[in-house]
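A.B. asks: Its first residue numbered 2, the sequence shown is counted upward by one per residue in the numbering used here.
This is the structure I have questions about; it appears just below.
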Amino acid sequence: MSFTHTDQPSLREMCDYAARAVVNTIADVQQDGSPAHLVLTGGTAGIETCRRLLALHQAAEQQRESFPIAAINWQNTHVYFGDERNVAVSHPDSNEGQAREALLDYVPIPAENIHSYSLDGTPDEAYLEEKAQQYAELLPEHFDVHLFGVGPDGHVNSLFPGHPVLAARDSLVTAVTDSPKPPAQRLTLTFSAVERAKKAILLISGAAKAEAFDNVSSDAAVEECPAAEVTRLVSTEVLTSELH
2 MSFTHTDQPS LREMCDYAAR AVVNTIADVQ QDGSPAHLVL TGGTAGIETC RRLLALHQAA
62 EQQRESFPIA AINWQNTHVY FGDERNVAVS HPDSNEGQAR EALLDYVPIP AENIHSYSLD
122 GTPDEAYLEE KAQQYAELLP EHFDVHLFGV GPDGHVNSLF PGHPVLAARD SLVTAVTDSP
182 KPPAQRLTLT FSAVERAKKA ILLISGAAKA EAFDNVSSDA AVEECPAAEV TRLVSTEVLT
242 SELH
């Protein structure tokens, strides 16, 4: 696979660009009535993209009668999460909780279309493994768009450089019990699940992420930069801002 790269002047403009790309892709999928499958991501850029998706939804609603524009049919959209910390959705660290506050609580998406990891913080490895299996069973055959935030170390989802979980390709979802970034316990989609995406969007913003972008651009090994593996598996749009 290969990737395209677009640089934007600011985080907000990068996330607005990403949100418009998501809307256009999902709206195109839904033209014939097909359901769409979208993977959201946490982090500063991921949640700002959620906010921009809400703004686009509100704008489309306001002008729907007079001047219709491309819009997501949330009634026919399924949402997933690239990873989740082992906390309840009500916890401020929850990726799902943050996405709900920024977007999902304000769009007409059916509750059953928001596919939660349903974690509650139980600090037990067997519990996490059971939840990983349950989540894997509800994943679709493909995702139309998978959004990724990228860490300064090049990690995506909870797939960290040099971590044994990078090799977990025989499952779609796996538990992480020793994440180098707290909290230690998480669930994450593996690269086998990532490979199901038709389109990936990498969000890389800020000078601290310049090295990660360089590693993606130079096709670094997965052990060094997991984000680079995404571009090898999936048709990817790399979006950047304020790297220097």
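Even for Gly, the Cβ is constructed at its ideal location relative to N, Cα and C.
1) Give the straight-line distance between the Cα atoms of residue 93 and residue 99, rounded to the nearest whole angstrom.
2) Can you name the residues that DSSP bridges to residue 242?
3) In the structure shown, what three-state DSSP assignment does residue 28 receive?
4) Comparing alpha-carbon positions, which option in 10, 70, 95 and 64 lies nearest residue 189?
5) Who are the Cβ neighbours of residue 26 in its own chain at under 7 Å, not counting the five residues just before and after it?
6) Go ahead and pull the three-state DSSP assignment for residue 131.
7) Nearest by alpha-carbon distance to residue 131: which of 41, 182, 20 and 172 is it?
8) Would residue 72 and residue 153 be called neighbours here (beta carbons separated by less than 8 Å)?
9) What residue does the beta strand (DSSP E) around residue 38 start on, and which one ends it?
10) From what residue to what residue does the alpha helix (DSSP H) around residue 214 run?
11) Given 8 Å as the limit, is there contact between the stretch 34-41 and the stretch 61-70, that is, 3 or more CB pairs closer than that?
12) Going by DSSP in three states, residue 110 sits in which element: helix, strand or coil?
13) Just to check my reading of the structure: residue 151 and residue 205 have Cβ atoms closer than 8 Å, yes? What is that Cβ distance to the nearest angstrom?
14) On the DSSP bridge assignment, give the partners of residue 4 in chain order.
15) Taking the alpha carbon of residue 197 as the reference point, which residue from 11, 161, 122 and 137 has its own alpha carbon closest?
16) Can at least three beta-carbon pairs, one atom from the stretch 212-225 and one from the stretch 173-188, be found at a separation below 8 Å?
17) Apart from the five residues on each side of it in sequence, which residues of its chain come closer than 6 Å, Cβ to Cβ, to residue 181?
18) By the three-class DSSP mapping on this structure, what secondary structure does residue 98 have?
C.D. replies: Based on what the coordinates show:
1) 7 Å
2) 9 and 206
3) helix
4) 95
5) 145, 146 and 200
6) helix
7) 172
8) no
9) 37-41
10) 211-218
11) no
12) coil
13) 5 Å
14) 237
15) 137
16) no
17) 161
18) helix
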